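So for the sequence shown, my numbering puts the first residue at 1; every next one is plus one.
Cβ atoms here follow ideal geometry from the backbone N, Cα and C, with glycine treated the same way.
These figures come from a predicted structure and were not determined experimentally.
See structure below.
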Amino acid sequence: MSEGAAPADSTSPERPPSLPGLLAAALGALRTRLELAGVELEIHLIKLARALIWAVAAILCALLALAFGIVALIAALWDSHRVLGLLGGGLVFALLCATCAYVGARIFHRRGILDDTLEQLDRDQRRAGPP
C-alpha cells in the first residue's frame with residue numbers, strides 16, 4: 001500500500017460527493033424551483049385578472065359619467081334644478097371611475113413576475129459558491 005492512499009473503508013473530508021447524489025440533489029432543487037415558479041405565475045395571472053376587472057369597471061364608470069354629463073348638458077337647456085341631480089350622478093360615477101382606476105394601477109405596480117423564484121435561485125447560487 002502506498003503512503004498517500006487512504007484505506008477504502010474510511011471516509012476522508014476531501015472525498016467529493018458521488019455523482020448520482022449530486023444529480024439527485026440538483027434535480028430535487030430544480031423541481032422545487034419549477035414548482036415555485038408555477039405558483040408565482042398562477043398568482044400573477046390572478047392579479048392580472050383582478051386588474052383587468054378593475055380596469056373594465058373604471059371604463060364603465062367613465063362611460064356612465066360621460067352619459068350623465070351629456071344628459072346634464074341637455075337638461076341645462078330645460079328648466080332650473082334638473083341639472084343638479086344629473087351632475088351629482090355624473091360626479092358619483094366619475095369618483096367611482098377614479099377609485100377603480102387607482103385600485104387597478106396599484107395592482108399593476110406590485111412586484112414583477114417570478115421575482116421570488118429569481119431571488120431563491122440567487123441564494124442557491126451564493127450558497128453553491130463562486131460561479
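Taking C-alpha atoms, which residue in 91, 37, 50 and 34 lies nearest to residue 69? 91
Have a look at residue 79 and residue 73 and give me their C-alpha separation to the nearest angstrom. 12 Å
What are the start and end residues of the alpha helix (DSSP H) that includes residue 54? 19 to 76
Residue 108 burial status per 10 Å Cβ neighbour count (16 or more: buried): exposed
Candidates 64, 116, 48 and 63, of which the one nearest residue 36 by Cα: 116
Suppose the cutoff is 8 Å on Cβ atoms and the five residues either side in sequence are ignored; what does the same chain contact list for residue 61 look like? 93, 94, 96, 97 and 100
What does a CB cutoff of less than 6 Å around residue 87 pick up in its chain, not counting 5 residues either side in sequence? 72
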